[in-house]
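S.K.: Before I ask anything, let me first share the structure, which is written out below as structure tokens.
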């Protein structure tokens with residue numbers, strides 16, 4: 027027996043539910059979905075995304091009431107207008123606080139309740155936060171080389187400055203003044219000349235800020251102005267200290283010898 031034929035719908039009648047669209051006809055939008063634009067009609071602009079709320083971190087810097095190793099960090103905080111608590115530990119407070127520090131030493135930076143040590147690593151972290159690092163790994167390397175060289179120089183000065191034996195110290199001072207200091211400062215002076223008045227990348231980076239922040243401490247250790255014979259290096263320090271946020275910090279910071 028032949029299959030029973032199904033009668034087509036009357037002209038103008040809607041297709042049965044679930045019937046496929048005719049050839050060339052766009053399928054209807056799903057429930058809740060916007061209809062696609064007609065042929066030749068521009069699509070409506072997408073709704074702009076809501077801007078993400080900036081993450082605000084809590085910073086606390088622990089150090090003694092001196093500039094020394096913490097001042098480059100304070101300069102970076104000032105440059106980036108980052109709010110932080112500048113905790114200045116007294117000698118009497120230090121013995122009780124020392125066991126709570128990661129390596130029993132300072133400076134220590136606390137970020138959102140987590141404490142870290144190593145002053146240069148902390149400075150690099152803050153530099154990334156305030157936009158003073160390089161744009162590529164190679165550029166970051168150029169900055170790191172200069173900062174590490176400055177720190178090597180500082181350590182060579184410190185070894186002599188904190189030598190407890192006067193006779194040994196006098197001998198070390200001869201080498202420091204005649205060889206070590208001129209060697210490092212002449213190299214760094216040329217670096218500034220090669221970088222249009224900066225220590226790296228021919229532009230402002232955290233190498234400039236670090237050097238400006240640590241210079242007072244190095245001057246204190248050698249009991250003189252190290253940069254007097256080096257105008258390019260002096261220019262770096264003067265330029266950083268003249269930046270409005272850092273100038274404002276210098277004007278309000280506690281007065282300390284070191």
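Residue numbers (my numbering): 27 to 284.
By construction, the Cβ of each residue, glycine as well, lies at the ideal position given by its N, Cα and C atoms.
1) Exposed or buried, residue 281, counting other C-beta atoms within 10 Å across all chains shown (16 or more means buried)?
2) Going by Cα to Cα distance, which pick from 175, 110, 128 is closest to residue 143?
3) Less than 9 Å between the C-beta atoms of residue 211 and residue 225, yes or no?
4) Per DSSP, which one or two residues make a beta bridge with residue 111?
5) Please report the Cβ distance between residue 194 and residue 248, rounded to the nearest whole angstrom; I am assuming they are in contact, meaning their Cβ atoms lie under 8 Å.
6) On the DSSP letters alone, give me the boundaries of the alpha helix (DSSP H) that residue 100 sits inside.
7) Within the same chain, show all residues whose beta-carbon is closer than 7 Å to that of residue 238, passing over the 5 residues directly before and after it, in chain order.
8) For residue 251, tell me which candidate among 198, 207, 146 has the shortest Cα-Cα distance.
9) Kindly give me the distance between the Cβ atoms of residue 123 and residue 115, rounded to whole angstroms, as I take these residues to be in contact under 8 Å.
10) Taking only runs that begin and end inside the segment 162-197, name each unbroken alpha helix (DSSP H) of 4 or more residues, in chain order.
11) Specify, as a first and last residue, the run of the beta strand (DSSP E) that residue 142 falls within.
12) Just the Cα atoms here: how many angstroms apart are residue 97 and residue 197?
13) So the alpha helix (DSSP H) residue 119 belongs to, where does it begin and stop?
14) Using 9 Å as the threshold, is the C-beta distance between residue 110 and residue 89 below it?
15) Please list, in chain order, all residues of the same chain as residue 113 whose beta carbon is under 8 Å from its beta carbon, the five residues on each side excluded.
16) If you measure between the beta carbons of residue 169 and residue 231, is that distance less than 9 Å?
17) So residue 270 is in the alpha helix (DSSP H); what residue range does that whole segment cover?
18) What three-state label does DSSP hand residue 251 in the structure shown?
19) According to DSSP, is residue 284 helix, strand or coil?
20) Exposed or buried, residue 118, counting other C-beta atoms within 10 Å across all chains shown (16 or more means buried)?
21) Rounded to the nearest angstrom, what separates residue 120 and residue 209 at their Cα positions?
22) Identify which residue in 216, 162, 283 has its Cα closest to the Cα of residue 255.
M.R.: The short version:
1) exposed
2) 128
3) no
4) Listed as beta-bridge partners of residue 111 by DSSP are 86.
5) The pair is not a contact, with the Cβ atoms about 17 Å apart (cut-off 8 Å).
6) 97-105
7) 101, 262, 263, 266, 267
8) Nearest to residue 251 by alpha-carbon distance, out of 198, 207, 146, is 207.
9) 6 Å
10) Correct list: 163-187.
11) 140-142
12) 30 Å
13) Unbroken run through residue 119: none, as it is neither H nor E.
14) no
15) 86, 87, 88, 89
16) yes
17) 270-278
18) Note: residue 251 maps to coil in three-state DSSP.
19) Residue 284 falls in the coil class under three-state DSSP.
20) exposed
21) Approximately 37 Å, taken between the alpha carbons.
22) 216
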